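Written out below as structure tokens is the structure these notes cover.
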Amino acid sequence: MAHASSIIDLARLSLSYGEGRRLDLPVRLEPLELGGQSYAVSPAGVDACLDVSRHSSGYAFRLRFPLRIEGPCMRCLQPAGMEAEVDAREVAQEGTDDEELLSPYVAEDELDLGRWAHDAAVLAIPTRFLCRQDCAGLCPVCGESLNDADPSDHEHDTTPDPRWAKLEELKLEEQ
Ligand SMILES: [Zn+2]
Ligand SMILES: [Zn+2]
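For reference, each letter of the sequence shown is one residue, going 0 to 174 in numbering that gives the first Met the number 0.
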């Protein structure tokens, strides 16, 4: 993969008003920080698709790329992976004070693609990053993962959890 330049010089695209261009660009993503935890982007190099269109009043952008991130499950701490499709839009209008129309990634006819891609990737991470939707988490007594564990292994010598008793009943009924 060619070295990824993260700054796009918009003037060099020489787009006339009403014209658009689709660019396929390699983008390198740094690990993403979320709640004090680091999530690796794997692979770190993604093939991004950037649509640039020029209007009489400025530019409009759409950025898309597939994302795969890896990190610990928020419940059981086991390694987990997740895939997402990033699809983000920005507008950079000239001569306006409306912040909605002033992309923070555009300055002096340059688009900071690297920073935008990073921020868009952060937004694509779910607030609950789990190894699986129904992750059972860790045993509060011994700290082991309860996924695929036999509940009887985690009865320990404390007050029996009424939920386990209920489970045993269900098992008997199934037979
Ligand atoms: Zn988990
Ligand atoms: Zn346990």
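Every residue, glycine too, gets a C-beta built ideally from N, C-alpha and C. Owing to the predicted nature of the structure, the values given are computational and were not obtained by experimental measurement.
With DSSP as the reference, label residue i as helix, strand or coil.
i    : result
A119 : helix
R114 : helix
H155 : coil
E84  : strand
R131 : coil
L76  : coil
L169 : helix
E109 : strand
A43  : coil
L100 : helix
V26  : strand
L145 : coil
P161 : helix
Please look up how many angstroms separate the CB atoms of residue i and residue j, rounded, as I've assumed it's under 8 Å.
i   : j    : result
A79 : C130 : 4 Å
A91 : G113 : That belief does not hold up - the Cβ atoms of A91 and G113 are roughly 16 Å apart, past 8 Å.
Does at least one heavy atom of ligand 1 sit under 6 Å from the Cβ of residue i?
i    : result
C72  : yes
C48  : no
Q77  : yes
C138 : no
Taking 6 Å as the cut-off, is the beta-carbon of residue i closer than that to any non-hydrogen atom of ligand 2?
i    : result
E99  : no
H117 : no
C141 : yes
What's the C-alpha gap between residue i and residue j?
i    : j    : result
G19  : F60  : 10 Å
H2   : E99  : Confidence at H2 is low in this model, with a pLDDT of 40, below 50, so its placement is unreliable and the value that follows should be read with caution. Their backbone Cα atoms lie some 32 Å apart in a straight line.
G34  : F128 : 11 Å
P25  : C48  : 9 Å
V140 : H153 : 8 Å
L9   : E82  : 30 Å
P150 : C72  : 21 Å
L76  : S144 : 8 Å
S5   : H155 : 55 Å
Are the beta-carbon atoms of residue i and residue j separated by less than 7 Å?
i    : j    : result
T102 : E84  : Looking at the sequence shown, residue 102 is not Thr but Ser. Taking 7 Å as the Cβ cut-off, S102 and E84 do not qualify as a contacting pair.
Y16  : R53  : yes
L31  : A120 : yes
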